[in-house]
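Structure first, then comments.
Numbering (the numbering used here), first residue to last: 258 to 717.
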């Protein structure tokens with residue numbers, strides 16, 4: 258492995274940020290609006306939608322690591338990951354638009370069409386998202402520069418999702434008159450074409466600086482061996498999966514604001530909050546200079562629990578108070594995501610040290626798969642929860658349904674934060690251990706059962 262350049266320039270960081278924005282127009286649309294589209298526009302049941310999400314994740318469990326494994330075995334003159342950032346944006350745009358097509362057919366055909374387009378979307382998203390996150394490991398090998406790249410990437414993700422929640426309801430409302438799909442399709446087309454421009458700019462203005470050719474030819478079997486030995490990665494992914502609770506909230510916002518607060522347009526306010534709160538991620542590189550990423554993560558989770566308890570006991574009678582609480586909670590939560598990405602990037606060296614093979618794609622495929630899994634599980638659970646609390650589409654809701662919606666939006670995610678605290682309290686591959694591993698790699702030393710590394714593994 259040869260370091261060509263470590264310093265990342267602002268233009269490149271902004272372009273990397275932009276790719277995340279464009280890609281997450283798609284993720285935001287599917288993550289926040291697809292369940293409502295399925296149930297209230299396309300006309301399929303919440304349970305049918307939940308089954309689609311479940312089947313899609315079973316498929317992802319098979320194809321995501323295989324796709325990422327092959328990415329680790331291939332190189333081209335344009336780099337290992339950048340080529341995917343050129344052609345997949347076009348495919349993502351097409352499949353996202355197709356996913357929001359309100360077809361006129363019988364219920365069985367609608368369910369089949371929704372299932373096919375959703376599963377295809379998840380597959381293509383993997384081919385785009387894995388290279389996007391893997392780029393942070395080959396743009397530079399300096400931990401602090403990686404923290405900047407991970408922060409910009411996560412800012413892009415949050416900005417893309419937030420912008421979607423702001424502009425999509427407004428765009429769909431502009432086209433809603435006389436349309437059975439409530440203006441969804443034209444609004445999706447406009448957003449995705451803008452997203453395409455952002456993604457292509459990200460391709461043209463980012464570079465791979467870490468050469469991996471000297472690692473030797475990597476086989477598919479070796480990529481799986483590498484990820485299997487990457488024990489710190491599994492702790493991080495377990496904590497990341499707990500985003501499922503926050504994703505349940507994202508899926509329920511449109512129901513909560515429509516029925517509890519009587520104003521569906523407040524979803525766009527949540528988008529603004531998400532977009533503004535993403536700025537909190539800028540504090541990540543400053544904090545990681547002074548504190549361990551693990552410790553910062555635990556403190557943020559504890560603060561989220563406190564804020565959610567306060568929100569629940571305050572109630573939702575006052576819209577201003579609701580928005581203040583949601584702003585605080587969202588800002589706290591947003592700051593945890595760059596820490597996840599930065600820690601995953603660190604585990605690439607751990608895996609490289611243990612196996613002698615640098616398999617960044619399959620490492621970051623864990624993040625992609627876990628992210629999609631948490632969204633899908635959240636979507637499935639949302640459908641089940643809506644059924645359990647007695648939600649009835651397009652009707653006045655019962656008192657128990659309204660109480661259930663508020664509980665899920667306010668207090669339920671606190672459970673996820675508590676679980677994340679427990680998981681990360683057991684994570685021991687800290688900055689000190691990473692520095693030791695990185696120094697050994699630079700000296701050309703690889704795993705030979707050093708006592709200090711064994712001690713880390715025993716603790717885990």
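Note that CB positions come from ideal geometry on N, CA and C, so glycine has one too.
Assuming residue i contacts residue j (C-beta within less than 8 Å), just tell me the rounded distance between them.
i           : j           : result
residue 286 : residue 306 : With 8 Å as the limit, residue 286 and residue 306 do not qualify as a contact, their Cβ atoms being about 15 Å apart.
residue 460 : residue 377 : Not quite, the Cβ-Cβ distance comes to about 22 Å (not below 8 Å), so this is no contact.
residue 610 : residue 697 : 6 Å
residue 440 : residue 430 : 6 Å
On the criterion of 16 or more Cβ atoms from any shown chain inside 10 Å, does residue i qualify as buried, or is it exposed?
i           : result
residue 649 : exposed
residue 645 : exposed
residue 630 : buried
residue 499 : buried
residue 402 : buried
residue 606 : buried
residue 471 : Reliability fails at residue 471, whose pLDDT of 42 lies under 50, so the model's placement of it is uncertain and no value is given.
residue 562 : buried
residue 368 : buried
residue 574 : exposed
residue 361 : exposed
residue 557 : buried
residue 404 : buried
residue 314 : buried
residue 614 : buried
residue 699 : exposed
residue 463 : buried
Please report the distance separating the alpha-carbon of residue i from that of residue j.
i           : j           : result
residue 410 : residue 284 : 14 Å
residue 566 : residue 688 : 32 Å
residue 582 : residue 527 : 11 Å
residue 634 : residue 509 : 13 Å
residue 598 : residue 334 : 27 Å
residue 380 : residue 535 : 27 Å
residue 276 : residue 637 : 28 Å
residue 493 : residue 624 : 9 Å
residue 664 : residue 569 : 7 Å
residue 662 : residue 595 : 29 Å
residue 555 : residue 680 : 9 Å
residue 667 : residue 274 : 30 Å
residue 592 : residue 332 : 34 Å
residue 473 : residue 542 : Legend: pLDDT at residue 473 = 47, less than 50; position of this residue unreliable, no value from coordinates given.
Which two residues bound the contiguous alpha helix (DSSP H) that contains residue i?
i           : result
residue 508 : 501 to 512
residue 388 : 364 to 395
residue 699 : 688 to 699
residue 288 : 267 to 293
residue 525 : 523 to 534
residue 684 : Looking at the DSSP string, residue 684 is not in any alpha helix (DSSP H), and its letter there is neither H nor E.
residue 545 : 540 to 547
residue 594 : 576 to 612
residue 564 : 550 to 571
residue 356 : 341 to 356
residue 495 : 488 to 498
Less than 7 Å separating the Cβ of residue i from some heavy atom of the ligand SAH?
i           : result
residue 595 : You won't find the ligand SAH in this model; it holds no ligand whatsoever.
Is DSSP giving residue i helix, strand or coil here?
i           : result
residue 473 : Per-residue confidence for residue 473 stands at a pLDDT of 47, beneath the threshold of 50, marking its modelled position as unreliable; the derived number appears in the next sentence. Coil at residue 473, not helix or strand.
residue 435 : coil
residue 417 : helix
residue 336 : strand
residue 646 : coil
residue 467 : strand
residue 668 : coil
residue 702 : coil
residue 458 : helix
residue 326 : helix
residue 309 : helix
residue 633 : helix
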